[in-house]
Structures are given as C-alpha cells and as structure tokens.
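Beneath this line is the structure, given in structure tokens, with notes to follow.
Protein chains: 2
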Amino acid sequence: MKYSKATNYALHTMLYLVSAAPNKPIGVQLLAERQGVSPTYLSKILTKLVKADLIESASGANGGYRLKRKQEEISFLDIIHAIEGTASLFDCTLNHSSKCLIQQEMVEAERQMEQYLQNKKMSELAGKMTVD
Amino acid sequence: MKYSKATNYALHTMLYLVSAAPNKPIGVQLLAERQGVSPTYLSKILTKLVKADLIESASGANGGYRLKRKQEEISFLDIIHAIEGTASLFDCTLNHSSKCLIQQEMVEAERQMEQYLQNKKMSELAGKMTVD
DNA sequence: TCAATCAAAGACTTTATTAATCTATAATAG
DNA sequence: CTATTATAGATTAATAAAGTCTTTGATTGA
Ligand code: SF4
Ligand code: SF4
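Here the protein sequences come in this chain order: F and V.
So the first sequence is numbered by this note's numbering: it starts at 76 and just counts up by one.
So the second sequence is numbered by this note's numbering: it starts at 76 and just counts up by one.
Here you go:
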C-alpha cells in the first residue's frame, strides 16, 4: 500500500502554485519540467485538481493554472482525495454486518489519519519551504 | 491506495484463531475454506505471520497454526505490518531535505493512523464477533 | 520404518493497477 | 487567423498484487 506517484506530483505542484504569484497562471510545461515528468501526464493530474475545485485553468496564450481557493482553505486531504479518491482503504467485499468490528476499526484508524491531513493547510507550507 | 487482499485474509484468519481453542492447531485447509481462498495462497500469508511471531506452526499430522502470543498482545498494526511491511506510505524518491514539510506531515499523518491501530488488540474482538 | 499429513519455499502465471505516451479536439489571447 | 495552452480518450508499457503449481522438509502415528 502506497500513495501513488500522481499524489506526489499533485502535492508538489500545489506547493509550487502556492509559492507563486497568485494571479499569473503557470503552464503545465513549466510545472512538469520542475518535477521531471511529462507535461501530458501531469496535465491529467492537474485536471483532477481542477475538477476538485482546488485550482482553475485558463486555455490559450498566457494560460495555465492557478489556485482557486485561499491557501488556508486547501488541505493536504483535499489534494489527496482529488487524486486517490475517497473510498475506504480497507475494503471487505462481503460487508455482511454493520456491526463488524474489523471494518469499524479500520475505518476509524483511517479517519484519524484523514483528520490530521485535513487540518494541514497549504498555508503552512508557504514560505517555509523552497520548491526545487 | 488500498490495503491488499492479503491483509484482509490475515486479519480474518487471526480473528478466527483468536476465537478458536488456543491449544489445538488449525490447518490451513480449514482456514482457507472459510474465506474462499486457495490453501496454498493463504499458506504464504500465514508464513508471514509466523515470521512476525504472531502465530506458530506445526508440521505433520494434527499440525497447523495457533496463536503464539496472548490476544491482548497482538495489535491490528502488528498484523498489518507483517503483511504490508513497514515502509512509509508516502515515498518521495528524492528526499533532499530532512526539513521537508511535505514529507514530515505525511509521515506524521500516517503515524496517527498507526497509533490507533497499535492500540487495537485482538482481545477486543474476541467474543464480540462471530466469524463467518 | 513407512505412509499419510501438514507447512515452507520457490518458480511461475495471470490479473489488476499505475504510469506514461500519443493524438485529436477545444478554448483563447493577440 | 494562428500560436498557445488545456482537455479528453485511446492506447501502451511497467509494476505490483493475486494466485497456481510443484518440490521439499518436518512430524505423527500405525
Ligand atoms: S467480518 Fe467484517 S471485514 Fe470481514 S467480511 Fe465480514 S463485514 Fe467484512
Ligand atoms: S520537497 Fe520533500 S517530498 Fe518533495 S522531493 Fe523534496 S524531500 Fe521529497
């Protein structure tokens, strides 16, 4: 069990957008170069972030991506959910009883992690880290 | 990102062993039947649990598997780690700075989940759940 | 001792998921 | 219009998970 590389790219891209000038859209070309990934691939990842309403895109010359919300309103969890989806990490296909303790505990454990990630906002990274 | 099916099998097997008579080893045949999985495959999973010192095995007639520790000394996390390994969920291959906040937060979030799972022991399931 | 029973190990195959590419289409600024 | 940039979908490649098959080794008890 691992976070996908896509999530990694998404987090780094968001970090970069956070530390960039807020009103100048940044093209996928540049974002991809920095991370050593192909523009077309990063593009699909960013489209997910757009659909999750975390960033917005502009087509055409001088277009690109920029934050749609304030830094303090974007959490790690938002980004992760946008890429990985929101389904539970533990899936018991059978699911016979709502009182199943295994499932309950696994879900609660996950909730603990998500709670932490939800409280971590992009604003905490801004300035405190340089993107490379 | 999902827990593997192997983890699911491991948890269910442990639950079954917990609710079984502690001194009579149970063969993989029976354990596999209950879960609708092939004995040889389950066997490799159980071998991991043996190596993690959670259960012990006996070869030969009347052999099989049984708990090696007390119920209250086996946590969900023990089982999960035995199957999934202990590597971090988030891997940044670059890893340039020990001060990287992204990595720090991701690791800390995971720690929250693990802490919860470490406190959940098999003894909490015993009796409260029927295996099916 | 020997045959039946059971676990361990390793090589292998199949299936599923993730990662990535390629190509075509749509939007927009200048 | 045309250059630029995002979106979408189909497709391929790479990696990981799931599962099978076969052999070996240990143990029991007849
Ligand atoms: S016991 Fe719980 S986790 Fe297992 S199959 Fe039933 S509902 Fe799912
Ligand atoms: S910024 Fe942090 S997470 Fe990203 S590559 Fe560097 S060390 Fe890894």
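C-beta: ideal position from N, C-alpha, C; glycine also.
Given the structure is predicted, the values throughout are model-derived calculations rather than measurements.
Burial check for T88/V: the Cβ neighbour count within 10 Å reaches 16 or more, so the residue is buried. Each of E199/F, Q146/F, A184/F was checked against the Cα of P97/F, and the nearest Cα belongs to Q146/F.
For L90/V, the CB stays at least 7 Å from every heavy atom of ligand 2.
Using a 10 angstroms sphere on the CB of D153/F, the tally of other CB atoms reaches 16 or more, which defines it as buried. K77/F belongs to the set of residues whose beta carbon lies under 8 Å from a beta carbon in chain V. Residue contact check for L124/F against chain V: no CB pair falls below 8 Å. Collapsing the DSSP output to three states places Y140/V in a strand.
K195/V counts as buried, since at least 16 other C-beta atoms from the protein chains shown sit within 10 angstroms of its C-beta. Each residue's CA atom was taken as its position, placing L200/V and K174/F some 11 Å apart. For S198/V, no alpha helix (DSSP H) encloses it, and the DSSP letter there is neither H nor E. With three or more CB-CB distances shorter than 8 Å, the segment 127 to 141 of chain V counts as touching the segment 91 to 111 of chain V. Exposed is the label assigned to Q179/F, since fewer than 16 other Cβ atoms lie within 10 Å of its Cβ.
Straight across, the Cα-Cα distance linking Q193/F with G160/V is about 26 Å.
Distance from Y78/V to E183/F at the Cβ level is roughly 14 Å; contact not present, criterion being Cβ atoms closer than 8 Å. Setting aside the 5 residues that flank it on each side, G202/V is surrounded in the same chain by S94, each with a C-beta closer than 8 Å to its C-beta; the list follows chain order. Of the heavy atoms belonging to ligand 2, at least one sits nearer than 7 Å to the Cβ of L169/V. Unbroken alpha helix (DSSP H) stretches of 4 residues or longer found wholly inside the segment 108 to 156 of chain F: 114 to 126, given in chain order. Residue environment for A85/V: buried (at least 16 other C-beta atoms within 10 angstroms of its C-beta). Under DSSP, I158/V takes part in no beta bridge, so it has no partner.
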